[in-house]
Structure formats: C-alpha cells, structure tokens
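Chains as they are written, first to last, in the numbering used here: chain E, 1 to 513; chain A, 514 to 853.
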Amino acid sequence: MTNHLLRMTGVNKSFPGVKALSDMQLELRHNEVLALVGENGAGKSTLMKLLSGIYVPDSGRFEIDGREVVIAGTRHAQELGISIIHQEFNLMQDLTVAQNIYIGREPRVGGVFLSERRMNRKAQFLFGKIGIDLDPRARVGDLTVAKQQMVEIAKALSFRSRILIMDEPTAALNDAEVATLHALIRNFTNRDTGVIYISHRMDELKAVSDRISVIRDGEYVDTVSTTETSMRAVINLMVGREISGNQRPDAIPATDEVVLKVTGLCTKALLRDVSFELRKGEILGFAGLMGAGRTEVARAIVGADRLSAGTVELGGRPVRIPSPAAAAALGLGYLSEDRKHLGLMLERDVKDNIALSSLKMFSRMGVLDNRAMKATASEYIGKLRIKTPSSAQAAKNLSGGNQQKIVIAKWLVKDCDILIFDEPTRGIDVGAKEEIYSLLNELAAQGKSIIMISSELPEVLRLSHRIAVMSGGRLTGFLSNAEANQENIMELATQNIADGTTGTTVHTAGAQR
Amino acid sequence: MTLVKETAQAGKTAGDKKSELSTRIRASFQQLLAFASLLALVLFFSVASANFYQAANLSNILLSTVVTGLLALGTTFVIITGGIDLSIGTGMTLCSVMTAVFMTQLGLPMILGVLCGVVFGALMGGVNGLFVAVLKIPSFIATLAMMMVAAGLALVISGTKPIYTNEVAGFQKVFALGKSIPGLVIPNAVFILFAAAVIAGLILSKTVLGRYTYSIGSNEQATALSGVNVRKWTVLIYTLAGCFTGLAGVIATARLNSAQPAGGMGLELQAIAAVVIGGTSLQGGKGSIIGTVIGALIMSVLTNGLSIMSIPQEWQQVAVGVVILLAVYLDMMRRRQSAK
C-alpha cells in the first residue's frame, strides 16, 4: 500500500458542551487537490485547526508520508510542512508585505538589528519563484482583499510547505482572481505536495479538485472522485437528504403596486443614473460583478451613504432618508454584506442580537421585557434553524453561517415592508440556504418587497421575479425571470461602460417599467 | 507558471511608482503636520512676546521637556502595542526616590546609583508587562493599579519627606544642569533626552523588538499565530518603557538635587498627550519617536509661551486640552480620507 501524503484516523475533539469531531478520518494523496466539503458546523474549521496545530486533538493518529507525527503547536505544524490559509486573514495591516511574510524570522544583522533590505530582496525572490506580483514594501492595509490573500499564500509557500490548506479562499475574489488562484494551486501541486481546499462553491470544486471528501456533523461520510460524481450527489452526501436544485420562483406577483421607486440615483464615488421600481410582493434580484455598484445602491437608498443626485419614493411619496435608522423607521431594512462586523454584537447573546433593531417593541416605558425577547428569539431560532444551544449563547460562539441567520432574524423581527438583502447566503451551507430561500419566498408571498443582491447566479435565477443587472456603477439591463439565464446576465454584467456607451436595456413585455 | 506573472507584471507601471511615493508622503503626513504646528507655535509666540525667542528661554523650554519627554519616549512603545501605561507618572517618582536612596542611604557611587535607578524602572515595567501579557489584565487596569502602588511606595520608602542628594558630588551637574558641551548654553539633561530619543528611534525602527511592537499593536492574534512569542516580547517592551521611566526619575532627582515623593501624578497624561499629538494612534500599530519628540516640544512650547504672555496657568491647561482634541481629530480625519 502506498503511503499517503497525509492521513488521519480516529480523531476526536470535544469542547465544553459540544463534540466537534467524532472518529474523523481524512486522506490526502500526493499530487492531489482534495476538496473538503460539509455544511456549516460540520467540523471543517475544527479539523483544520487541529492540522495546523492551533488545537490539540483528544485522540487520533496523524501520519505524514506514512510516518506518525504528533503536531505540537503552530510552529511545529509549519516545520512539518503544513500551512494553512484561513478564511479571515492573519495579517498585520500596518506592516508591509515582506514584514508580514517574514515575521518571526526576519533576516538580522548582529542578532538584534533587522536587515530590511535583505528581507525585501528575499521577498522579491520568493515572488519571482512563485510567479505572483507583489511589492514587498507595500503596506498590507492598503492592498485589495485579493492581494492580501496573495500575501497569505506567499507566506505559506515561503515555509516550503508540502500540505497547503485553504479555507474558503475565493469568498472575496472576482472571477479573474479566482482563475489566478487556481493556477497558483495547480502550480503548487506536484508529487511531493498536496492541497486541501475547503469551499462552498460547487463549480470551483469541479474546476480545481481531484477528489472530494465529505463530512457531516463531525463525522466522516465519504470521499468521491470529482470527475465521476455529480454535484447533486455531493450535496446529497453533505446534507444527508435529497436537495432539488435548478428551481425557479414559485409565483409571479400579481400586483402592480409600486412600493419603491428610485430615479436618477448618483453617488460621487460610483453610481450613475440608477433608476428602477420595486413592486409589492416582488423579489428583485440585483446581479453583477464585484464592484459593479450593487451594494452602493443599497447603501445609498437606506442613507448609509450620501446621494449626489436622485430621488427615492416610498409608496408614491418622495422621501429623504438621511440614515439607516430613518430608513428602518420608514419600513426599509438593509442586511449588509459584512455581517460579522456590521451586523452583530459579538459579545452579546443571540436573544439580544435578534431584538436589537426592535427594542422599542420589547420595552415598556424604557424597561426591557426579557421574557418577550426570549420568546421571540426562540421563535426565530426555530424558524431559521439556527444551530445554538440556547438563546443565551454569545453570538461570537456560533459558526459564521449561524451568525448570519441571527442578523436575518433581527430584521425579520423589525417587520419591515421592504427588505434589502445583500448576499443573503454568503457563508451559509447548502441545507440552510434552502431555508433562507423558502423564507424569502414566504416573505414575498406575505406582501413584503425584497431586493436581493447576490453574486451567485443560480441563486439569483432561483429566487428573483425580475433581475436588474449592474456594471461599472450603472444599470445595464432588466430581465424577467422567464427570459433570464446565466449567459445573458453575464453579458449585461460585463458590458463595458468605459467607452461611453450607455447601457442597453433589454425590454420584454412586463420586464421593466 | 509564468503566465500568471506575465499578466500581472503588466500592472506595475510608472503610475504605481508615483502612487507609492504619495502613499509614503501621506503616511508621514501626521509627522509633517506636527512639525509644522510646532514651527507655527514658535513663530506665533516669538511675535507675541519679545521674551520668548531668547536663548535662556528656549533653553528653559527644552529643559522643561526632559522629564515628560523621557516618559513619552518609553510610553510610545507601549501605546504602539495598543496598550496604555498610566503608572509612568508616579512610577517616575518612585524611581526618583529609589535613586536617591541608592545614592545616599545605601551609599552607592553616583554612576551605580543612577544605573540602579534605571534598572528599578525596568523592573517596574517588567511587572506591568507580566500583568498584561501573562495574567491578561487589560493594560489600563494593570497600570492604574501600579500607579497607586508606586505612589504609596514612594511615600513609604521616603518617609513622606524629600531625600536630598546634595552630598553626591557632581550629580546635579552631570545629569541635569551642567553645560558640558562647550560653546552651547544647553543643559546636560537636554542632551540626555535627545540621546535617549535617538536610541529609542533606532530600537523602534531597526530592531526586532521594534518590529514586534508594531506587529503586536497591528494584530496581536495574527502575530501570535505567526509563531512569535507575543507574551515574551510584550514583557520586554514594557520593560524597555520602564527603563525610560527610571531615567526620567534619575533626571528629576538631579534637577532639584532631591527626590520629591509626593509628585508625579498627572505626568503620565502629559506624556500620553505628547505621544498622541505626535501622531501615534491609541489603537496601536502606528507611531514614531520623532512624532513623540515633536509632540512633547509642542506641549512645552505651548505652556511656556502662554505663561510668558502672562496667561494664567488654568487657561494653559485648557489650551493643552484643546490642542490634544485638535490633534486627534485631525488624525482621524486624515485616516478617514486615506481609507476612501
């Protein structure tokens, strides 16, 4: 039997109150990119932290090249050739690229003094070897997210890693950057090395992985060959039940009542002449590439950013919305993209977070009704299947996807009539996505009007009654759900604005008004 | 493989080089602004009063900057790590008392007494560092406690009476008021301050300790995950800051040729103000020694100039408070602009 590059068996890990991993196993072969998939809370993060030396397992056997190893801390893991690139970067924003990469092992002069020049030269040499373009002296805080990820990768590769673990590496990258990343991964993988690639994005797994290992609820399920297995089958393994995909919206809204009308919206930074209408009971999807301006539109409408021109009408009446608080008071709610930083009080518990936007509802003469808050929290924990031991659990202890569900619950409690969801299922696993989708449909059926901004085209197609496409700060077109497909959305999303041509709008009966 | 590099290579143009330069300029902007403000203040007071721009007065200004300036130098390191040290004021007083004790009651020769004073300061710093790094007590609380302890110990050890060091020959001359550099009217203490500033600047920008100071302040967790022993280095950083506190105590004793056990409280806030005016952020990760020096000078120029103009001391305090607010506000505005 040939030795595997990395093999773990019988791994168990518990935390107070929860068993994270139970008899877990994993095998990574040489010259292989192994995708690791599982729902949120399945144990991927814990598994990776064990491998990179952040946690110590309760029991289990680890082998590299057939030889048993005991991983004793992060330094040791690095020395063994295991490098991990986390979802949330571990970079010092105020230091330069080279300083970040060589932190802890800076070239020195006389033991105490640093040799900045030698370090920058080392970094430049490294970049040339790997084939990436970075300035060693650039301040990391000034770089784009994609470039920062390159720094993380360069750092990992500078340790002569053999096993590279990447946790949701493409969450914040555009398509070109994803392609660059995949090229880097293919370049890295050879008969001495391997990559473990954790991602929710099925199309990426198809593109870059050789095999896919599935785990569920802390246990190992199966490993399948990427080419021989359909994504549907993988998803079924992940959730343990059948998921029907490729659906389209259940019903077309019958009303013509316009609840929100935006005309000529402009912002100093990006938006140019954005105009659209939102009807009652409708889900209007906003599609486009990163940087197209969709989040900017949402922020401008709810008053988080200032408009340089344009009007907003709610229910036919022009309104001035100076702040998100004013927007919420008018029944207009916005779920931001970066929920962890902009949507949650991490130190407070689930109950407080859910009630946050609606405290007036829970208070009598300024005093809070704790019992009512608890009851509402329980209601939404059930409705959204939020995985938490109780509503008294601190928000920071929940997994990323469940944290997002709390934010959604918060706005649902507020009972807004118009909701803007910005990337509603980012970081949420497949099973929970379904719940969010049926929730959105339910809300629309109840008469709420929803603007849904999403970068996942299948999601946009699945839910939107109409789709607005943006590119470069302008609206390039509207599509009804019947006529829309991934191709024509992409076409509108990549329409070049720079040469002065204004966006063409694709008209069909009933698509735009 | 090179496909990736080639397509990316095209991006680095003359435009990138230019933006690199402007980024560097913007980064030093706070320091330039602070320096310009210092010059503006000097100009203003020189015009407002004939007595300001005199050699004797300027020398006075520099001399009055020394103790606060030394404290500010040390605490710059602590603030860059994202912490704060409230104990440096009374800590200095305790070191002042201990130096006097070493030299008079324990009869140590002058140099040894001075050295012991500095080491005592380092030890206090080390204790602060242990509380913060090992016991994980927030620096505000840990150093607040130390501030009280130091104040009390200074009174206890001195018997609540000043300790005179007149018997130590040459002490006041060498470490404070003597003018050892021929031809210049600047007292020795000022040279000690600037020498200390040069050393502090070198340490911060050129040594491993300095690098880790920025790193811990920028992202302590990432630094730890990168394999750096954050605990050890935090203790060392606070210890280094303590050396400056010790030195400040020595000079304070030398200036008056006595250790005054009841003073010191309030100096820590002046030192922190100097650091902040100089462009160091209380959130950590950014800062410089040059900025601190300029900040300390701005504070003393301001108080000196106002008093020469016969503005009562109470109003001087108001003025300093306003300056601090302005400096921090401008820094925040600039930070927000560059983030866009």
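Cβ coordinates follow ideal geometry from the N, Cα and C atoms, glycine included.
The stretch 28-47 of chain E and the stretch 177-195 of chain E touch, with three or more beta-carbon pairs separated by less than 8 Å.
Measuring C-alpha to C-alpha distances from E/V214 to each of E/N236, E/G81, E/V208 and E/T227 identifies E/N236 as the nearest.
When E/D210, E/L134 and E/V221 are compared, the shortest CA-CA separation from E/E228 is found for E/D210. When DSSP states are grouped into helix, strand and coil, A/N679 belongs to the coil group. For E/G60, the three-state secondary structure derived from DSSP is strand.
Rounded to the nearest whole angstrom, the CA to CA distance from A/T766 to E/G110 is 36 Å. Of A/I597, A/N573 and A/A708, the smallest CA-CA separation from A/S794 is found for A/I597. For A/T736, the residues of chain E that pass the 9 Å Cβ criterion are N90, M92, I103 and G104, in the order they occur in the chain.
Taking C-beta atoms under 8 Å as the contact rule, A/L815 and A/V833 qualify, at a distance of about 6 Å. In this chain, the alpha helix (DSSP H) harbouring E/Y380 covers N370 to K383. For E/C416, no alpha helix (DSSP H) segment is defined, and its DSSP state is neither H nor E. Taking C-beta separations shorter than 7 Å and ignoring five residues to either side along the sequence, the partners of E/L342 in its chain run S336, following chain order. Residue nearest to E/Q87 within the set E/M238, E/L21 and E/V145 is E/V145 (criterion: CA-CA distance). Nearest C-alpha to A/S550 among A/A761, A/I803, A/F704 and A/I807: A/I807. Of the residues E/E313, E/L5 and E/E106, the one whose Cα lies closest to the Cα of E/R118 is E/E106. E/G310 and E/F276 have their C-alpha atoms roughly 11 Å apart. Ranked by how close their Cα comes to the Cα of E/S230, the residues E/A326, E/M202 and E/I84 have E/M202 in first place. Per DSSP, reduced to three states, the secondary structure at A/Q685 is helical. Residues of the stretch 794-817 of chain A with a C-beta less than 7 Å from any C-beta of chain E: G798 and K799, listed in chain order. In the three-state reduction of the DSSP assignment, A/G804 falls in the helix class, which pools H, G and I.
For the pair A/G714 and A/V555, the Cα-to-Cα distance works out to about 24 Å. Exposure of E/D175 is indicated by the presence of fewer than 16 other C-beta atoms within 10 angstroms of its C-beta. The beta-carbon distance between E/S449 and E/D417, rounded to whole angstroms, is 7 Å. This is short enough to meet the 8 Å contact definition. Here A/G602 really is in contact with A/L780; their C-beta atoms are around 4 Å apart, less than 8 Å. A/L607 carries a helical assignment under DSSP once its states are collapsed to helix, strand and coil. In chain A, no part has a C-beta under 9 Å from the C-beta of E/T193; the shortest such distance is about 14 Å.
Counting only Cβ-Cβ distances below 8 Å, E/Q78 has contacts in chain A at G740, in chain order.
Between E/E296 and the set E/G472, E/E347, E/S22 and E/Y55, the nearest pair of CA atoms involves E/G472.
By the neighbour-count criterion, in which 16 or more other beta carbons inside 10 Å mark a residue as buried, E/I489 falls on the buried side. Here the alpha carbon of A/A569 sits roughly 8 Å from the alpha carbon of A/V698. In the three-state reduction of the DSSP assignment, E/E313 falls in the strand class, which pools E and B. Per DSSP, E/I467 is one residue of the beta strand (DSSP E) stretching across R466 to S471. Within chain A, the C-beta atoms nearer than 7 Å to that of E/R75 come from G740, in chain order.
Using beta-carbon distances, E/L114 counts as an interface residue toward chain A, with a partner under 7 Å.
As computed with DSSP, E/I453 is found in a beta bridge with E/F286 and E/D422.
A/L571 and E/G366 have their C-alpha atoms spaced approximately 59 Å apart.
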